[in-house]
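In my numbering, the protein residues as written are 228 to 351.
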Amino acid sequence: MIYNKSNDAFEYEGKTYKIGDKVIANNESAYAGLFGKIIEIRTDEDRETENNTPDVYCAFEPPVIPFFKEKIEKRFTELYGEKKTVDDIAFDSVVMAPSMLMFASEFTVKSDKTDTVYCVTEDW
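Here's what the structure looks like:
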């Protein structure tokens with residue numbers, strides 16, 4: 228079955244995956260650390276992979292800070308054995324296994340306080 232309408236839900240191993248959920252790729256994936264959202268879920272005979280798990284399609288936000296760009300470029304260069312840049316990497320329809328994803332809501336801190344966090348980076 229193909230789930231691709233907003234808020235379509237699919238339960239797998241006790242977790243509910245919904246179209247539009249914000250997710251973070253974990254260390255099981257080459258996309259580790261990237262934020263994105265679920266755009267489609269395919270199960271059973273509609274899967275494109277040969278895995279026994281559902282195919283969860285995600286659209287990830289490409290990194291914009293030079294340090295993180297270099298990190299993912301290095302990861303994909305090693306993975307493919309040839310030089311890869313951020314422009315060579317697909318971010319818009321990435322097939323993930325459920326085990327490669329964490330829900331962003333798991334990291335949301337609920338508090339009455341509001342703090343401002345600043346980030347300073349240098350590009351030499």
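Glycine included, every Cβ here is placed at the ideal spot set by N, Cα and C. Keep in mind the model is a prediction, meaning the values are calculated, not measured.
Note to self: In whole angstroms, give me the CA-to-CA distance for residue 240 and residue 289.
What the structure shows: Looking up residue 240 in the sequence shown gives position 13. Looking up residue 289 in the sequence shown gives position 62. Approximately 29 Å between the Cα atoms of the pair.
Notebook entry, point to check: Among 301, 267 and 310, which residue has its Cα nearest to the Cα of residue 323?
Noted result: In the sequence shown, counting from the first residue as 1, residue 323 sits at position 96. Looking at 301, 267 and 310, the one whose alpha-carbon comes closest to that of residue 323 is 267.
Note to self: Which of the three DSSP states is assigned to residue 269 in this structure?
What the structure shows: In the sequence shown, residue 269 corresponds to position 42, counting from 1. In this structure, residue 269 counts as strand in the three-state DSSP scheme.
Check: Does any C-beta atom of chain C lie closer than 8 Å to the C-beta of residue 342?
Finding: Considering every chain present, this structure includes no chain C. It has just one protein chain.
Next item on the list: Round the Cβ separation of residue 303 and residue 311 to the nearest angstrom and send it over; I've been treating them as touching at under 8 Å.
Entry: The residue you call residue 303 lines up with position 76 of the sequence shown. The residue you call residue 311 lines up with position 84 of the sequence shown. Contact between residue 303 and residue 311 holds: CB atoms are separated by about 4 Å, below the 8 Å threshold.
Next item on the list: Counting only the same chain and skipping the five closest in sequence on each side, list residues whose C-beta sits under 6 Å from that of residue 237.
Entry: On the sequence shown, position 10 is the one that residue 237 refers to. Sequence-distant partners of residue 237 (beyond 5 residues in either direction) whose C-beta falls short of 6 Å from its own C-beta, in its chain, are 230, 244 and 268.
Notebook entry, point to check: Alpha carbon to alpha carbon, what distance is there between residue 341 and residue 291?
Noted result: Residue mapping note: residue 291 aligns to position 64 of the sequence shown, counting from 1. Residue mapping note: residue 341 aligns to position 114 of the sequence shown, counting from 1. Between residue 291 and residue 341, the C-alpha separation is close to 25 Å.
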